[in-house]
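Enquirer: All the letters of the sequence shown, read from the start, carry residue numbers 128 to 666 under the working numbering. Quick reminder that beta carbons are idealized off the backbone N, C-alpha and C, glycines included. Just so it is clear, the structure is predicted and the values come from calculations on it, not from any experiment.
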Amino acid sequence: MRQKKRCASGWSASRSTKSIRPITSRPSAPSWRDLRMPSGGAASCACWPVAGWSSWSARSATSIAGPASTARIPRWSVARAQKARNHALLEAIEAINQHGQYYTLAELSELGLANPDHRRAELMLRIRETETEARRLGHIGVFYTLTCPSRFHPVRAKSCTRNPVYDGYSPRDAQRYLTNLWARIRSALAREDIGIYGVRVAEPHHDGTPHWHLLMWMQPDHVDQVETVMRDYALQDSPDEPGAEANRFQAKLIDYSKGTAAGYVAKYISKNVNGQQFVEADEYGRDMKSSAPRVEAWAAVWGIRQFQFVGLPSVTVWREVRRLTEQQAQQLAAWEDATNPGRKIREFMAQVRTACNAGAWDQFLRLMGGPLTPRADQPVRPWREWRMATGTDAERCDQEIPFARGSYGDRVEVTYGLLVKGAEYLTRFYSWTMRPKARNSAYDFSQRGSYGGGAAADPWTRVNNCTGIDITPRQPDPQTAEQQKKHYQEWRSRPEVRAEIEAEQEEIDRVRDALARLLAPPPSEAVLLPDEYMPPELA
């Protein structure tokens, strides 16, 4: 019998985390929200297990089995296993360019924003440099917090008990509510000709409900009006519920005597990326290195965009310009000689390259027209074109211009570079093709470095291959076999191992049941009399 623990909230949690159920009565078909992951993988009391989530189980199983399905992955180890499978897939595929250089997709992904260290560094750079430019312009920074009404929260924060007014909303519904609220706030500010710019961060409450933190800059004479508009719209929905005035909207003026705005928001960036730097533990005392990946899993499951910048230049332009390093200087000069964009455009492009490659986002912001400049008025924009169909796809295309099509029949748009004041600049000088990663073996003659590959060929091995390989299975002696069996049973009896095995079996059962329901034929109209019998295989 499994040992069970009971906390003050009235919940019972099995050691194996196979089932989580309240001791009191409960609806027979709980919603998805009843089984959500707590913020950062840590709950406000012992009633929540350390849970992980699979995006398939929350999205696909919901669409197949319905919103009342209880399909879930109750162990964070499953999410880790999914990431391990993804990494193994990236390691198994190579990309090779026209120069014969080849790398695995895992190596290439570590060079980009898939690397959480790079992603966190870019976020902090943009926030810090935006603050520098805002202070140069004399703008005021304010930190806002927006929270959903009580009906979006299944669990109370302080008592960790079920919320009686909870209306069955999912985190995706809560995110949609905040998005619509923010759209109405922006429209109201635009009608008053008030501009704000900055960054917003979405993170989960203890029960998985998202809330927003916004760091915004504006002109000093707009601070009071912006706060009034945001507060009015935030309290339009259920303004009389307990705690609405205190919790639904908060505004805090940035006090530079206590620290910078970037330092104030740094902990939220760290909590939502990889838990490195700034914060050692979350608000529940758990290590951020284990909590932050759970927050990422929460955002992936429910399709929640964690970070969004408002009123600032296109970051795509920033990233494309940073492709043009000193290694591409010769290719860039050849492109400018071939296209002849003009002296002023060349000089402007040189300034943009210098700012971007130096990591000076504030200079890049000024070159792009400053904060709140409309995208159509920015001097540099991404250069995108429709991809042309090639090979058999072009032969099957019945149009005069054979455009490539995606899985849903829509045209595929590809980024080639930048449009600098109307002049095209190519930033992607490599053409990549994918192939399975080849085996690096001394007997794989097709590989570089193998026998026959030139002066750097692999040496002969010292293994005698004349007599073949002995593959006869051998049985260990009884003492060794008993010791191995004992070690195996001890490993299987560990709670975490049993929980992982049960979780995997639950996932298999859910997939099998969901597919069976999806592929099941419609029910027959025939009515059987009580004394009739029909074999199951004929039913």
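(1) Using 8 Å as the threshold, is the region 446-454 in touch with the region 427-438, meaning 3 or more CB pairs across them?
(2) Which residue's Cα is closest to the Cα of residue 276: 299, 370, 239, 320?
(3) Whole-angstrom Cβ separation of residue 323 and residue 353, contact assumed at under 8 Å?
(4) Apart from the five residues just before and just after residue 647, which ones in its own chain have a Cβ nearer than 8 Å to its Cβ?
(5) Going by the CB atoms, is the gap between residue 511 and residue 541 shorter than 8 Å?
(6) Are the beta-carbon atoms of residue 238 and residue 220 separated by less than 8 Å?
(7) Between residue 284 and residue 340, how many whole angstroms is the CB-CB distance? I'm expecting something under 8 Å.
(8) Identify whether residue 560 lies in helix, strand or coil by the three-state DSSP scheme.
(9) Answer yes or no: do residue 440 and residue 491 have a C-beta to C-beta separation smaller than 8 Å?
(10) Helix, strand or coil for residue 390, going by three-state DSSP, please let me know.
(11) Report the partner residues of residue 437 according to the DSSP bridge assignment.
(12) Check whether the Cβ atoms of residue 251 and residue 396 lie closer than 8 Å to each other.
(13) I'd like to check one pair, residue 274 with residue 374: are the Cβ atoms closer than 8 Å?
(14) Going by DSSP, name the residue or residues bridged to residue 280.
(15) Go to residue 458, then tell me how far its alpha helix (DSSP H) extends in each direction, as first and last residue.
(16) Check whether the region 481-488 and the region 455-472 are in contact - that is, three or more C-beta pairs closer than 8 Å.
(17) So what does DSSP say about residue 450, is it helix, strand or coil?
(18) Could you tell me the distance, in whole angstroms, from the CA atom of residue 544 to the CA atom of residue 643?
(19) Would residue 496 and residue 489 be called neighbours here (beta carbons separated by less than 8 Å)?
(20) Taking C-beta to C-beta, are residue 436 and residue 253 nearer than 8 Å?
(21) Is it right to say residue 445 is buried, meaning 16 or more other beta carbons lie within 10 angstroms of its own, or is it exposed?
(22) Mapping the DSSP letters down to three states, classify residue 343 as helix, strand or coil.
(23) Give me the DSSP bridge partner(s) of residue 376.
(24) Going by DSSP, what residues sit across from residue 231 in a beta bridge?
(25) Buried or exposed: which applies to residue 581, given that a residue is buried once 16 or more other Cβ atoms fall within 10 Å of its Cβ?
(26) Please state whether the Cβ-Cβ distance between residue 438 and residue 498 is less than 8 Å.
(27) To the nearest angstrom, how far is it from the Cα of residue 363 to the Cα of residue 372?
(28) Exposed or buried, residue 613, counting other C-beta atoms within 10 Å across all chains shown (16 or more means buried)?
(29) Classify residue 268 as buried or exposed, calling it buried when 16 or more other Cβ atoms lie within 10 Å of its own Cβ.
(30) With DSSP as the reference, please indicate the residues paired to residue 495 in a beta bridge.
(31) Can you give me the C-alpha to C-alpha distance between residue 262 and residue 344, rounded to a whole angstrom?
(32) Leaving aside the five residues before and after residue 399 along the sequence, list all residues of the same chain whose C-beta is less than 6 Å from its C-beta, in chain order.
(33) Taking 7 Å as the limit between beta carbons, can you name the residues of its chain near residue 387, skipping five residues before and five after?
(34) Quick one: measure Cβ to Cβ for residue 270 and residue 304, integer angstroms, because I've assumed they're closer than 8 Å.
(35) Considering just the uninterrupted stretch of the beta strand (DSSP E) at residue 511, what are its terminal residues?
(36) From the DSSP secondary-structure annotation, give me the bridge partner or partners of residue 544.
Expert: Looking at the coordinates:
(1) no
(2) 370
(3) 6 Å
(4) none
(5) yes
(6) no
(7) Actually they are not in contact, since the Cβ atoms of residue 284 and residue 340 sit about 17 Å apart, beyond 8 Å.
(8) strand
(9) yes
(10) helix
(11) 325
(12) yes
(13) yes
(14) Bridge partners of residue 280: none, in fact.
(15) 456-466
(16) no
(17) coil
(18) 48 Å
(19) no
(20) yes
(21) buried
(22) strand
(23) 273
(24) 221
(25) Model confidence at residue 581 stands at a pLDDT of 43, short of 50, so the residue's coordinates are unreliable and nothing is read from them.
(26) yes
(27) 11 Å
(28) exposed
(29) buried
(30) The partner list for residue 495 (beta bridge, DSSP) is empty, contrary to what the question assumes.
(31) 9 Å
(32) 330, 422, 433
(33) 258
(34) Not a contact, Cβ separation roughly 21 Å.
(35) 507-513
(36) 510, 553
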